[in-house]
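Data first, discussion second: the structure below is written as structure tokens.
Numbering (UniProt numbering), first residue to last: 1 to 566.
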């Protein structure tokens, strides 16, 4: 009997396994069919279809949808006419670039001129074209170009030591985007009055320098000096916003030429959590800032030794030619003494993000390369205060830098001088220059703190606040509030500030102990906002702390000083 039951049970169990296996295979087959159908549907999907399904945030960073069209027809024709273009353009480029090379000529050189300049036999390749809709009365197009040429370029270099060096520029590799602007549009053939051309974006510019019959290292620093001169010449002669205007029809096209449109005021406040580049000790950071990467327009901060959280509080001024496309670039370096400085990180901000006449207080995350945005390493942050003021302020705002404005706020005192006149004893006028010193009384009310980190064994703290004017080194402190993580002080302190533009307020929170004290966090404030607004209340998070906020009330009572001098 048990044998029969075993056989029946075995057959039933085997059939159940076979049925389950068949169902599983059928399900897997259906899944494969559905997956194949989905893949086939994706293969038929156009770019427009994908944009309807996915949001921009769902695409990986390496996916780029280009609006450019291919230009195989243009490249084939350009190859045919390139020998004639080479002959016509070589002399034009030579005559245009030589004066700029002379302008940026290194001081160690007596002269710097071309003895030979031809563009070679290899024509550039245009890899795409796009039309820019910028709302202007004209047509703007951009051409992406790649050129690995074989030009014959020889520079005749004469040093003050009497040494003549013919230097060959070879192995040129260039990739960039040229912008063409056809404006204004007119009712006369060819329907536009002038053409502007400019190098909109320089993606790559590589070349090598070789002394004909000599060694480039014979004169230390010569190679770097010449290379820097060439790059500055390219930047200053054709790189956007610089543009060349070619009149097609008679007329006045001065409005198309490069002109300053405003001034960018930058206060480099501080940086924090910088990457340490030194094996022994800490980095010695300094900052380089620029809107256009020309050596005479780049600004450098002072070096802060052995500090990964440097405080600069330095002010710089930049000329702006095109706020819609230009950027402010900040690069933080570690000073290495006699060796080349090592890059810690860099950041940039588009000037079109700034509201004219309004100060923008911002922290920027540092990255390794501005062109590659996949850097996830924490390299630190840099703190800036930015103020863009267009020339004339025709948009209803008064120009804060105008010398006709009274000096009543930071926007009117960032320019540290104004012109004045006084009468001489004989009745004639004497032109004096008036230096404005932003002096006044800063009233700081430490109202309270919230969510301070516990510092004692019992999970409480006995906090108090130390207030420090950094430049004047004036200190005050609040009373101690015992056993509280949300203390209330409501204490007011007055500081006589001799230089409001360059001083800073530092607030440090400490835990009071019988035999010492424990650091709980700090805040660093510039006086920018209180100088502009006169009075405000705000809450600030504590730095170098797990948690905690300070509630402050600041008030400024100005007492400006004017010093007249001839």
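All residues carry an ideal CB built from backbone N, CA and C; glycine is no exception.
{"Check": "Can you tell which of 157, 54, 243 and 146 has the C-alpha that lies nearest to the C-alpha of residue 140?", "Outcome": "243"}
{"Check": "To the nearest angstrom, how far is it from the Cα of residue 320 to the Cα of residue 522?", "Outcome": "36 Å"}
{"Check": "Can you give me the Cβ contacts of residue 261 inside the same chain, cut-off strictly under 8 Å, excluding the 5 residues immediately before and after it?", "Outcome": "320, 321, 322, 323, 390 and 391"}
{"Check": "Run the CB neighbour count on residue 301, radius 10 Å, all protein chains shown included, and call it buried at 16 or more, exposed below.", "Outcome": "buried"}
{"Check": "Does the segment 357-364 come within contact of the segment 228-238, defined as at least 3 CB pairs closer than 8 Å?", "Outcome": "no"}
{"Check": "Quick one: is residue 77 buried, meaning 16 or more other Cβ sit within 10 Å of its Cβ, or exposed?", "Outcome": "exposed"}
{"Check": "According to the neighbour-count rule (16 or more other Cβ atoms, all chains shown, within 10 Å of its Cβ), is residue 330 buried or exposed?", "Outcome": "buried"}
{"Check": "Would you report the Cα separation of residue 265 and residue 137, rounded to the nearest angstrom?", "Outcome": "31 Å"}
{"Check": "Report the three-state DSSP secondary structure of residue 39 (helix, strand or coil).", "Outcome": "helix"}
{"Check": "Pull up the distance between the alpha-carbon of residue 208 and that of residue 298, whole angstroms please.", "Outcome": "25 Å"}
{"Check": "Quick check on residue 462: buried or exposed, where buried means 16 or more other Cβ atoms within 10 Å of its Cβ?", "Outcome": "buried"}
{"Check": "Indicate the three-state DSSP secondary structure (helix, strand or coil) for residue 44 in the structure shown.", "Outcome": "helix"}
{"Check": "What is the DSSP secondary structure of residue 378, reduced to helix, strand or coil?", "Outcome": "coil"}
{"Check": "Look up residue 84 in the DSSP assignment and say whether it is helix, strand or coil.", "Outcome": "helix"}
{"Check": "Pick out whichever of 527, 545 and 554 has its Cα sitting closest to the Cα of residue 538.", "Outcome": "554"}
{"Check": "Determine the closest residue to residue 150 out of 284, 163, 168 and 134, with distance taken between C-alpha atoms.", "Outcome": "168"}
{"Check": "If you drop the 5 nearest sequence neighbours on each side, which residues of the same chain put their C-beta closer than 6 Å to that of residue 122?", "Outcome": "149 and 150"}
{"Check": "For residue 240, which residues of its own chain have a beta-carbon under 7 Å away from its beta-carbon, when the five flanking residues on both sides are left out?", "Outcome": "179, 198, 199, 200 and 325"}
{"Check": "Within a Cβ cutoff of 6 Å, which residues of the same chain sit near residue 205, ignoring the five residues on either side of it in sequence?", "Outcome": "174"}
{"Check": "Return yes when the Cβ of residue 310 is within less than 8 Å of the Cβ of residue 285, no when it is not.", "Outcome": "yes"}
{"Check": "When the Cα atoms are used, what is the spatial distance from residue 518 to residue 489?", "Outcome": "19 Å"}
{"Check": "If you reduce the DSSP assignment to three classes, tell me which class residue 471 lands in.", "Outcome": "coil"}
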